[in-house]
Structures are given as C-alpha cells and as structure tokens.
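So the protein lines, in turn, are chains A and B. If you count the first sequence from 1, position 82 lands on 82 in full-length UniProt numbering, and the numbers rise without skipping. If you count the second sequence from 1, position 154 lands on 154 in full-length UniProt numbering, and the numbers rise without skipping. Using N, Cα and C, we set each Cβ at its ideal position, and we do this for glycine too. Quick caveat: nothing in here was measured; it's all calculated off a predicted structure.
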Amino acid sequence: MARNDFQGSLDLLVLKTLSQRGELHGYGIVLHIQRASEELLRVEEGSLYPALHRMEQSKWISSEWTLTETNRRAKYYKLTAAGRKELQDAEESFEQLVKGIRAMLQYA
Amino acid sequence: MSLVRRITNLFSRSRVDREIDAELQSHLDLRIDDNLAAGMTAVEARRDALVRFGNPTATRERVASADVALGLESIWSDVRYSARQLRRSPGFALTAVLTLAFAIGANAVVFGILNGLILRPLNVPQAESLYGSEYGDGAGWQSYPNYVDLRDRNHSFEGLAAFNFAFVAVQTGKDLSVSTGFATSGNYFDVLRIQPYLGRVFHGSDEHGPDSAPYVVLSYSYWHSRFQDDRGVIGRVVRLNQHPFTIIGVAPQGFQGTLLFISPDFFVPIVNQAQLAADFDLNARANNAGIFEVLGHLKPGVTPAQAVADMNSVGAYLQKTYPKESVHKSSTLSRTGLTSFRRPAKGFIAGLMLLSGLILLAACANLGSLFAAHAADHSREVALRLALGSSRRRILQQLFTEAMIISLVGGAAGLLGSAFLLRRLSTWQPFSDAPIHLPVTPDATVYAVAVALAVVSGLLFAIVPVRQVLRANPYEIVKAGSNVRLGRKVTVRDMLLVVQIAICAVLVTSSMVALRGLVRTLHSNLGFDRNTMLVGANLAMAGYSVDRATAMQRRMIDAIETIPGVERAGLVNNYAPLIYGAGTRANVFKDATTELSQSNVAAMPYRYDISPGYFEAAGTSLLAGRSFRWNDDMNAPAVVVVNREFAGKMFGSVTSAVGRYYKLQDGTRVQIVGVVEDGKYLSVTEEQEPAMFLPSLRTPSSAGYIAVRSRRDTQELAGAIRSKVRELDAGLPVDTNTWNSMLSVVMFPSRVATLSLGVLGMMGALLSITGIFGMAAYSVSKRLREFGIRVALGARRMQVLRAALGRAVKLLACGSAVGLIFGVLASRVLAFIVYQATPRDPLVLAGVVLAMAMLGLVATWIPAQRALSVDPMRLLREE
Numbered sequence: 001m002a003r004n005d006f007q008g009s010l011d012l013l014v015l016k017t018l019s020q021r022g023e024l025h026g027y028g029i030v031l032h033i034q035r036a037s038e039e040l041l042r043v044e045e046g047s048l049y050p051a052l053h054r055m056e057q058s059k060w061i062s063s064e065w066t067l068t069e070t071n072r073r074a075k076y077y078k079l080t081a082a083g084r085k086e087l088q089d090a091e092e093s094f095e096q097l098v099k100g101i102r103a104m105l106q107y108a
Numbered sequence: 001m002s003l004v005r006r007i008t009n010l011f012s013r014s015r016v017d018r019e020i021d022a023e024l025q026s027h028l029d030l031r032i033d034d035n036l037a038a039g040m041t042a043v044e045a046r047r048d049a050l051v052r053f054g055n056p057t058a059t060r061e062r063v064a065s066a067d068v069a070l071g072l073e074s075i076w077s078d079v080r081y082s083a084r085q086l087r088r089s090p091g092f093a094l095t096a097v098l099t100l101a102f103a104i105g106a107n108a109v110v111f112g113i114l115n116g117l118i119l120r121p122l123n124v125p126q127a128e129s130l131y132g133s134e135y136g137d138g139a140g141w142q143s144y145p146n147y148v149d150l151r152d153r154n155h156s157f158e159g160l161a162a163f164n165f166a167f168v169a170v171q172t173g174k175d176l177s178v179s180t181g182f183a184t185s186g187n188y189f190d191v192l193r194i195q196p197y198l199g200r201v202f203h204g205s206d207e208h209g210p211d212s213a214p215y216v217v218l219s220y221s222y223w224h225s226r227f228q229d230d231r232g233v234i235g236r237v238v239r240l241n242q243h244p245f246t247i248i249g250v251a252p253q254g255f256q257g258t259l260l261f262i263s264p265d266f267f268v269p270i271v272n273q274a275q276l277a278a279d280f281d282l283n284a285r286a287n288n289a290g291i292f293e294v295l296g297h298l299k300p301g302v303t304p305a306q307a308v309a310d311m312n313s314v315g316a317y318l319q320k321t322y323p324k325e326s327v328h329k330s331s332t333l334s335r336t337g338l339t340s341f342r343r344p345a346k347g348f349i350a351g352l353m354l355l356s357g358l359i360l361l362a363a364c365a366n367l368g369s370l371f372a373a374h375a376a377d378h379s380r381e382v383a384l385r386l387a388l389g390s391s392r393r394r395i396l397q398q399l400f401t402e403a404m405i406i407s408l409v410g411g412a413a414g415l416l417g418s419a420f421l422l423r424r425l426s427t428w429q430p431f432s433d434a435p436i437h438l439p440v441t442p443d444a445t446v447y448a449v450a451v452a453l454a455v456v457s458g459l460l461f462a463i464v465p466v467r468q469v470l471r472a473n474p475y476e477i478v479k480a481g482s483n484v485r486l487g488r489k490v491t492v493r494d495m496l497l498v499v500q501i502a503i504c505a506v507l508v509t510s511s512m513v514a515l516r517g518l519v520r521t522l523h524s525n526l527g528f529d530r531n532t533m534l535v536g537a538n539l540a541m542a543g544y545s546v547d548r549a550t551a552m553q554r555r556m557i558d559a560i561e562t563i564p565g566v567e568r569a570g571l572v573n574n575y576a577p578l579i580y581g582a583g584t585r586a587n588v589f590k591d592a593t594t595e596l597s598q599s600n601v602a603a604m605p606y607r608y609d610i611s612p613g614y615f616e617a618a619g620t621s622l623l624a625g626r627s628f629r630w631n632d633d634m635n636a637p638a639v640v641v642v643n644r645e646f647a648g649k650m651f652g653s654v655t656s657a658v659g660r661y662y663k664l665q666d667g668t669r670v671q672i673v674g675v676v677e678d679g680k681y682l683s684v685t686e687e688q689e690p691a692m693f694l695p696s697l698r699t700p701s702s703a704g705y706i707a708v709r710s711r712r713d714t715q716e717l718a719g720a721i722r723s724k725v726r727e728l729d730a731g732l733p734v735d736t737n738t739w740n741s742m743l744s745v746v747m748f749p750s751r752v753a754t755l756s757l758g759v760l761g762m763m764g765a766l767l768s769i770t771g772i773f774g775m776a777a778y779s780v781s782k783r784l785r786e787f788g789i790r791v792a793l794g795a796r797r798m799q800v801l802r803a804a805l806g807r808a809v810k811l812l813a814c815g816s817a818v819g820l821i822f823g824v825l826a827s828r829v830l831a832f833i834v835y836q837a838t839p840r841d842p843l844v845l846a847g848v849v850l851a852m853a854m855l856g857l858v859a860t861w862i863p864a865q866r867a868l869s870v871d872p873m874r875l876l877r878e879e
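#1: Say whether chain A places a C-beta atom closer than 9 Å to the C-beta of B/A22.
#2: Quick check: is the beta carbon of B/R485 nearer than 9 Å to any beta carbon in chain A?
#3: Strictly below 9 Å CB to CB, what residues from chain B border A/Y49?
#4: Beta carbon of B/I501, beta carbon of B/L812: below 9 Å?
#5: Whose Cβ in chain A lies nearer than 7 Å to the Cβ of B/D33?
#6: Distance cutoff 9 Å, beta carbons only. Does B/R47 sit that close to anything in chain A?
#7: Name the chain A residues whose beta carbon is nearer than 8 Å to that of B/R52?
#8: Taking only runs that begin and end inside the stretch 12-39 of chain B, name each unbroken alpha helix (DSSP H) of 4 or more residues, in chain order.
#9: Under 9 Å between C-beta atoms, does A/K75 make it to chain B?
#10: Do B/L496 and B/A413 come within 9 Å of each other at the CB atom, strictly closer than that value?
#11: In the DSSP assignment, find the unbroken beta strand (DSSP E) run with B/Y131 in it and report its ends.
#12: Just reading off the beta strand (DSSP E) that B/I610 is part of, what are its end residues?
#13: Consider the Cβ of A/H32: report whether some Cβ of chain B lies at a distance smaller than 9 Å.
#14: Checking 9 Å against the spacing of the C-beta atoms, do B/L571 and B/V109 come in under that value?
#15: Could you check where the beta strand (DSSP E) with B/Q671 kicks off and where it finishes?
#16: So B/H297 is in the beta strand (DSSP E); what residue range does that whole segment cover?
#17: Going by DSSP, what residue range makes up the beta strand (DSSP E) through A/H25?
#18: Confirm, please, whether the CB-CB distance from B/G112 to B/S597 is below 9 Å.
#19: Anyone know if the C-beta pair for B/L318 and B/L276 falls short of 9 Å?
#20: When DSSP labels each residue in this structure, what does B/Q195 get in the three-state scheme?
#21: Beta-carbon within less than 6 Å of B/V237's beta-carbon, same chain only, minus the 5 sequence neighbours each way: which residues are those?
#22: So is A/Y27 in contact with chain B if we call contact Cβ pairs under 9 Å?
#23: Rank B/L100, B/I557, B/N146 and B/A83 by C-alpha distance to the C-alpha of residue 895 of chain B and give the top, closest one.
#24: Can you tell me whether B/W861 is buried or exposed, with buried defined as 16 or more other CB within 10 angstroms of its CB?
#25: Determine, using beta carbons only, whether B/N107 comes closer than 9 Å to chain A.
#26: Would you say B/L30 lies against chain A (beta-carbon separation less than 9 Å)?
#27: If you check the beta carbons only, do A/R54 and B/S26 fall under 9 Å apart?
#28: Looking only at C-alpha atoms, which of B/S143, B/G527 and B/A867 sits nearest to B/R797?
#29: Taking a contact to mean a Cβ-Cβ separation below 9 Å, would you say B/S457 touches B/A106 in this structure?
#30: What number of angstroms, rounded off, separates the C-alpha of B/A383 from the C-alpha of B/A58?
#31: Can you tell me which of the three DSSP states B/Q715 falls into?
#32: Identify every residue that forms a DSSP beta bridge with A/E64.
#33: Could you tell me the alpha carbon to alpha carbon distance between B/A808 and B/R394, rounded to whole angstroms?
#34: Relative to the C-alpha of B/L259, which residue among B/L192, B/N288, B/A795 and B/L36 is closest?
#35: Let's test the definition: count the other Cβ atoms within 10 Å of the Cβ of B/M763 and tell me whether it reaches 16, buried, or not, exposed.
#36: How should B/P125 be labelled, buried or exposed, when 16 other C-beta atoms within 10 angstroms of its C-beta is the threshold for buried?
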C-alpha cells in the first residue's frame, strides 16, 4: 500500500531535491521545489525544518554548516546511503499511489 | 540516537536552541538577500521574509520537538518554566506546598506508627513464622504449669517459649536501682534463634526446678549504659532483690525482647522468678499471673488454623483434668509484640489512618481549587500560547509538571517533618518509671509511602484544571481580556471547597469531642482521691520474706502516720487500682454452690488485699457497714468489703448485701462487712466492674503500695516519708508519687488519642483557613474593578462586603453544616478510643460552630480588607 500522507510527500520532495542538487540548505530546498514544480508546489517553512530535523534523526540526511556563495553561514544537508534507499522506496510507492489514483479516476 | 546523547543534550539545551535559531535566522537572511536582489526596499524585504516564514516561535518549538531529545528535553524545560511560574506567584506556591507538606507529613507519621506497631515484625530471625498464643483469658496471661503442658503437648510449634515481667532491685557494688527484666523460659533464646553478642545465653537444659538457674543475660543497651560496655562483666555476680545472680552473657544489639513497647534491661530464667517476685508461686496452676505470653515458630506446613485447633484441644484437656484451676475459653494466635494491645492499637491506628486520609483528601481538594484558580489567572497566557500554535498536550504537560514540583517539594517538606516527629516519638520516654518506648523509627517503607502519596496527590489535584484547559477557547479569552466574568453557577471549585470544609469540620468536631472526653475523664470519679500519695514499697527488693514483710509493713504504716499532717495510711498489696493497668480478677461463687468449678462461677470481681486504713487513706467512701480493723487477721472469721456494683449484682442492693456470705475459689466462706463506692480498676474507659477487698492480714505479701492521706505539700510529704522509711531500713528502695501522677500510664492511650486528634483537628482548621482564604482572595482580586465601580456609584461597605464574600461565607456555612453532621456520626467511632466521647454535647456542637465561624472570619479578613479599601479612582486610572 502506498503511503500518501503529506509528511511522506514532503519527505519525498526533500529527498529528491537533495539527490538532484547534491548539497543544499533549507532555503535552497524551498526555492528548488518551487522552481522545479513550476510554482505548483510551495513548501511551508514551518513544516520543512521539523521534517529536516526528523530526517536527520532517521539518518537519511546529514548536515554541515558551511558558507554560501554570498558568504552567509548556512546549514547544508545532503543525502546519506540510507537516504538514497529511502528515496527509492518513496518514489516507488509514490508511483504506485499515482497509478492507483489515476486508475480510480478513469474507472468507468 | 543514544540515551547518553539525549542526556547530554539535556544539559546542552542552549546549544541545541542556538543552533535551531541560527538555522532559522540564516533562512530568513537568505530570503531577505533574495528580496533585496529582486529590488525590494530593506523594510519590505524583511517584512516579506517574516510573513512567508510564519510564526518563528511555533516553528522553533516544532523543530525542537522533532529533535532528538524530545521527551527528556521538554520535561526539563517544563520544569524550568514551571519553577519560573511558581516563583512568579509565591503566595500560591507557598500555600500549596505548605498544605501538601502538612497532609503528607500527617500521613507519613500515621503510617510510620502503623509500620512500627503493626506491620513490622519483631527484630528476630524469621519473625514471619513467629506466633504468640493467647490461651485462656484472652489477654494471654496463664499459669506456668499450663504453659509447660501447652509446650509439651502441642504438635504445632517447633518450640514454645514464655516470658513474664520482673521488676527488680539490681545491686552492683554499692549501686542500687530498680530495673525491668523479662523472666523467661529456659528455651527463650533458642526458640527465638537469638545468638549472644557476648558470653552465652541460657538454655532449657539450665533449668533444674525452682531457683536452679541464677543467671542473667543483659540487654545490649543496659550493658552499654550500666556497665559501660565492659567485656569483663561475664561471670560477675550481681544481686537481684538481694539474691546473687551471675551475668553469663549480653544479648545482641538489635534484640529488645518480644514486646514492642517495653524493652527489658535483662533476662533471667523464669524458674528463678520466685526469688524476684514476692510470694510468687510458679507452680500454682490457678495462678494466672505466671506467664505473660507464650510464643514460638510454627512447624513448617502447619497453618495458624491448625495450630489454634491443636492449642484448643490441649486447653480442653487441661480444663477437664484440672477443673478447679483451669478455665479455658478458646485460644487464638496472634503476631507477637503487641499481644492484648493489638486490637485496641489496630482500632486506634485505623481511626488515625482514616482521619489522616481525610486530611490528605481535604488537602487535595484544597490544592485542586487553588490550582484551578491559578490556572484561571493564567488563562489569558494559556490562550495566547494556544493561539500561537502551542499544543494542548504541551500545556497540560506543563501544568502537570507544576503540580509535580509542588507535590514533590511539599512531599519532601512533609517527609522531613514527619521523620523528625517520628524520631522524637521513638526516643520519647512518656514515663520516667516505666521502660516504655515506641518503636516508630521511620524506615525505607515509610519514605516510599510518603513519596508515593505525594506523587499520587500531585496527579490528583492536577486533574482539576485539565477540563478548563481542554475547553478553553483561546479566541474568546483573548477577546474578553482579563475581566472574564466569574460564572454564577456552581462550579467544580465550589464543590471542592464545600467538600474540603466539610472534611475539616469533621476533623474539628472529632478533636473537640475527644478533648471534651478527656476533660471529662480527668474529672470523673475514679473511686479514690487522686491527691493521695502512693508509697511504693516492694519489700521483696530488700530481701524480706513474706512473714517478715507483714510486720515491717505495719511498722511503716505506723511510722508514716506519726508524720505531722498525715491523716491516715493504709496498704494495698501488689498494685493499687489503675496503676500500670495491672489488676487481678478472682472467681467467686454463690454461698449455696458446692461444686466450685469454672462453670458455676457467679462473678469475677477485681480483687484487692488491703490493710485497715486503706479506704480512709485512699478517700474511698464507705456506703454501708464497716471497713477493716487490725484484728481481721488469720485468726478472725473471713470478712470482705465489696463495691456497690458487686453488691448490686450478687445481692440486689447495698443494704441487703451487708452480712451476707459467698465463697472464694478455695472454698472459703466470706462475710460481707461493708460496701464501698464504685471505682475504676484497670482502665478509665472500662465499664463499671465488680470489686472485692480482702484483709491483707489474711493473705500477706511483701509487695505493695501504702496510700497516704495528708494535707501537706506533696514534695515535703514525700521527703518526710522517705526519711521515715530510711530510719526503719536504709536498704529499702522507696518511691513516692501522688496517685494522680501515676495515672499517666493508664491515661496514656486516651492522652495520645486526644493529642493526635487535636493535631489532626488543627490541621483541618488550617486547611479550611487556606481553602476559604484562597477562594475569597481569588474572587476579590478578580472583581476589584467591579467593586471600584460599585464604590464609585455609592455602594455602602456592607454591600461591598456582601458582594465580595457572600459566596465564600455561604460555601463555608454549607460545608460546616455537612461536616458537623458527619462529625457527629464519626464520633461514635471515637467512643472506642476516647473515654466518654459523646457528640451529643451542646458545648461541642456550639464549639464547632463557633470554631468554624472564627476560621471563616480569620480566612476572609484580608480579602475583606482588600475589597473595602478599593480606590475607584486608582483602579480606573490603571485600566
């Protein structure tokens, strides 16, 4: 059964972002999701940071303080091996979910 | 994440916090940078970033709660937050802590007493299988031959030991003093599995008939205090009542005999008791004063019920074989240590536990309403936090933390107080002349129970505001501001206050009933004049035989009567009425009875053997006939004086009794020559009992008290008596006390009962003061603005007062009425422990009403002042 809660979707988005962009801070993740989804998805900052901390706890991502291009200190997150595995699982179950919902909607 | 990291996080809370803050801040900064780059002004850029970000506090809280150390972390921050909250309302915190400290303290003390007296067995190995047998008269007393038969014929006990008391003059060198010992069966230490600390103990094999084992085993504390830990005492000879005894050993430190209240100084073999106790015939089967208690370990697999059946069959055999000497009712088994005190002690402690439980309940109700008021005071703050996205769970968790802090601090304070009190109690020597001690030193169980009580009560009263928080609608409260109107309907808080006041009124009623009972007891007629001086002269302690003692007693009486100011002196053998709760009952038979068996006994009056002059000296008034004369001796016809109860019971009336005959157990026909007034003999709480007085000249004894009637000052008189006696025999230990001061022993239970009820009543009163005060102060502070307006509109003082305190007074009246009714009902229970405790006493009822009114006055005084002193102008300016 596919997981279709919002938490799961947010995790998926974050993990996917990190897999595409390598290393990124929270603000960058927000921007990336917004741009990549052609402004369709907007991540609430209030939900993002708890999710990041939770995922770090689950050891899917790791973090490090470094300087941005504009010379600001920011906390950068990147995927771990466990995170890659989790991303794969999450993508698969999301595909399942989409398939299921589409099938439901097309049922005549 | 590892537990270690969680715990280190607890202490690095600020580091974690800082990191989260930094991250969120860097997020905001990046957004602002972008906004600036997009051409916004600095102000616009910042504003936009903040709007997009949302509530930073809520976010930080959520990030933190996603963070690892969640559980422990939030508890720690709650603790700090709650401590801050409590510091901000010190009045509330102090009231709550004190209330709880009192309640927990009272309960810990009562539990400590329960633990010491009932739950904790004697300090002997395998105490759990040790039982005492109450054979015969129910008090445990029995004769030595009966004990020997019980020991040898039962199949239930591994071994059966026995003991009795021995009050003995101990002489070591020139040092003479009276000490308390246990006269025990030879197998006592072996049955109890006690090994000596020093030297050896005696064994069953040391006994070879009367006076065959003149050995002493010292208790550790007596060895320590009297012999200064001298290891050389083993083998030393001391004189007990002038008879030489050899010290053979010292008992281990923790062993203080087999009674909880009395710790003996030494142990001697009971076969030698005849040397120590005056005219004591160990081998008389009818002498039910020989053995105080028998005890032993049940054999493995034998149940107490089987043992009782076994003892009963031996008892039935004894009654059949010795019908004249043995009376057998039925045996019971009991835990040793308290023997016949067990049932009253249990009742008393149960009563105390009930009352202290009520205190705890009242305290919880009190704290509940305090907490509810406290929560209502902070409702605006709570609403703000809710509105800002705090979860209800967090807020409740924090309320619970506050409650736990209060209960733990209060519990700790109560515990400290109770530990102090219990320590004082356990070293308390209520009587200088009796070796009584209360074994109530608090142990781990007591501490554990107190902590558990504190935690449970903390949770109990934290529940009260929960409903309030759960129902709170943040928007309503924030909108309404701080002037939320108090509901006019009856609230949970009102109910709690009524319940609490009712409980307190029960306590106040109980303590008043007890107090009145004690006062009445102190003034009731005991059948003698309390100012009479009692001269304790145990001639056996100076080595007198019974024959020599009689002459010496006569000389003493005559000498004392020559002291100026002394009106009369007379002897009573052994113990005078109400002294040490000691007394002897005797079987008597109707004159026509020929078969003097137990089944034909007509009455069992208390028996006293007295000399001429005793009644006059004691102040016991003669109702009919005559008292004794010096010629009522062995050679004269046997005569007796009985009390009014005896006369009425046996012969219908006082007048018809004089001149009549009845029979004693040994068949002697005695003629009643006089009737005296009734009195109390064993305890002040006893029903009116029959008593008879026989001439001591016919049954001489070397132990007794000389009653002395005098108008002189007691101190002076005591000195005069001592010097007179010293003239007659310098080696005789003499103690002089007024009868009244010696009553302290028998009055002890009701004094203790009254004292403890009084203390509980005081606590109840304190609790109702804090309860009413809290409620009144709270409602006044909530409505100060309203009062200001009323005053501004011309309200009179009375009207303001009525508005301010009407509710508190109504609740107080309501609770007091309910409490009074329950108190009157509860006082029936008190009648068991407090003599003459009757609730149907107008003085008590009036006293309770007055007390509650006074409490109300005291409690509402400050809030009333505050309501009256309200200054409308200032209040309005403040708005």
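On the basis of the supplied data:
#1: What you label residue 22 of chain B is simply residue 22 of the second sequence in a count that begins at 1. B/A22 counts as touching chain A.
#2: Along the second sequence, one-based indexing puts residue 485 of chain B at 485. Residue confidence for B/R485 is low, a pLDDT of 46 falling below 50, so the modelled location carries little weight; the figure read from the coordinates is stated next. No, B/R485 does not count as interfacial toward chain A.
#3: The residue labelled residue 49 of chain A in the question sits at position 49 within the first sequence. Correct list: I20, E23, L24, H27, T59, R60, R62, V63 and A66.
#4: Working through the second sequence from its first residue, we reach residue 501 of chain B at position 501. Working through the second sequence from its first residue, we reach residue 812 of chain B at position 812. Yes.
#5: Working through the second sequence from its first residue, we reach residue 33 of chain B at position 33. Result: T70.
#6: As a position in the second sequence, residue 47 of chain B is number 47, starting the count at 1. Closer than 9 Å: no.
#7: Position 52 of the second sequence, counted from the first residue, corresponds to residue 52 of chain B. Chain order gives the chain A residues near B/R52 as E45, where near means a beta carbon separation below 8 Å.
#8: 13-37
#9: What you label residue 75 of chain A is simply residue 75 of the first sequence in a count that begins at 1. Proximity of A/K75 to chain B, defined by a Cβ-Cβ separation below 9 Å, is satisfied.
#10: Start at 1 with the first residue of the second sequence, and residue 413 of chain B comes out as number 413. Start at 1 with the first residue of the second sequence, and residue 496 of chain B comes out as number 496. Not closer than 9 Å, so no.
#11: For the purposes of this step, residue 131 of chain B is identified with residue 131 of the second sequence, where counting begins at 1. L130 to E134 is the extent of the beta strand (DSSP E) around B/Y131.
#12: Numbered from 1 along the second sequence, position 610 holds the residue referred to as residue 610 of chain B. Per DSSP, B/I610 belongs to the beta strand (DSSP E) from Y606 to I610.
#13: In the first sequence, the residue the question calls residue 32 of chain A occupies position 32. Taking Cβ atoms only, chain B never reaches closer than 9 Å to A/H32, which makes this a no.
#14: Against the second sequence, residue 571 of chain B aligns to sequence position 571. Against the second sequence, residue 109 of chain B aligns to sequence position 109. No. Outside cutoff.
#15: The sequence position of residue 671 of chain B within the second sequence is 671, counting from 1. R669 to V676 is the span of the beta strand (DSSP E), which, as asked, contains B/Q671.
#16: Numbered from 1 along the second sequence, position 297 holds the residue referred to as residue 297 of chain B. Run containing B/H297: E293 to H297, per the beta strand (DSSP E) assignment.
#17: For the purposes of this step, residue 25 of chain A is identified with residue 25 of the first sequence, where counting begins at 1. Counting along the chain, the beta strand (DSSP E) containing A/H25 begins and ends at E23 to H25.
#18: For the purposes of this step, residue 597 of chain B is identified with residue 597 of the second sequence, where counting begins at 1. For the purposes of this step, residue 112 of chain B is identified with residue 112 of the second sequence, where counting begins at 1. Not in contact: B/S597 and B/G112 (Cβ atoms no closer than 9 Å).
#19: Residue 318 of chain B sits at position 318 when you count from the first residue of the second sequence. Residue 276 of chain B sits at position 276 when you count from the first residue of the second sequence. It is not a contact, given that the beta carbons lie outside the stated cut-off.
#20: By 1-based counting over the second sequence, the position of residue 195 of chain B is 195. Residue state, collapsed to three classes: coil.
#21: Along the second sequence, read from residue 1 onward, the residue named residue 237 of chain B stands at position 237. These residues qualify, in order along the chain: P244 and T246.
#22: Walking along the first sequence from the start, residue 27 of chain A turns up at place 27. Nearest CB-CB separation between A/Y27 and chain B: below the 9 Å threshold.
#23: Lying outside 1 to 879, the shown extent of chain B, residue 895 of chain B is not represented and no answer is given.
#24: Numbered from 1 along the second sequence, position 861 holds the residue referred to as residue 861 of chain B. Exposed, because fewer than 16 other Cβ atoms sit within 10 Å of the Cβ of B/W861.
#25: On the second sequence, position 107 is the one that residue 107 of chain B refers to. No - not a single Cβ of chain A is within 9 Å of the one on B/N107.
#26: Counted from its first residue, the second sequence places residue 30 of chain B at position 30. Yes, because at least one Cβ of chain A sits closer than 9 Å to the Cβ of B/L30.
#27: Numbered from its first residue, the first sequence carries residue 54 of chain A at position 54. Numbered from its first residue, the second sequence carries residue 26 of chain B at position 26. Not in contact: A/R54 and B/S26 (Cβ atoms no closer than 9 Å).
#28: Working through the second sequence from its first residue, we reach residue 797 of chain B at position 797. Shortest Cα-Cα distance from B/R797 to any of B/S143, B/G527 and B/A867 involves B/A867.
#29: Taking the second sequence and counting its residues from 1, one reaches residue 457 of chain B at position 457. Taking the second sequence and counting its residues from 1, one reaches residue 106 of chain B at position 106. Contact flag unset, no.
#30: Taking the second sequence and counting its residues from 1, one reaches residue 383 of chain B at position 383. Taking the second sequence and counting its residues from 1, one reaches residue 58 of chain B at position 58. B/A383 and B/A58: Cα-Cα distance of roughly 14 Å.
#31: Counting from one through the second sequence, the residue named residue 715 of chain B turns up at place 715. Helix.
#32: Along the first sequence, one-based indexing puts residue 64 of chain A at 64. Beta-bridge pairing links A/E64 to A/Y76.
#33: Numbered from 1 along the second sequence, position 808 holds the residue referred to as residue 808 of chain B. Numbered from 1 along the second sequence, position 394 holds the residue referred to as residue 394 of chain B. Each residue's alpha carbon lies about 33 Å from the other.
#34: Here residue 259 of chain B refers to the residue found at position 259 when the second sequence is read from its first residue. It is B/L192.
#35: On the second sequence, residue 763 of chain B is found 763 positions in, with the first residue counted as 1. Answer is buried; the Cβ neighbour count reaches 16.
#36: To locate residue 125 of chain B, count along the second sequence from 1; it is residue 125. Result: exposed.
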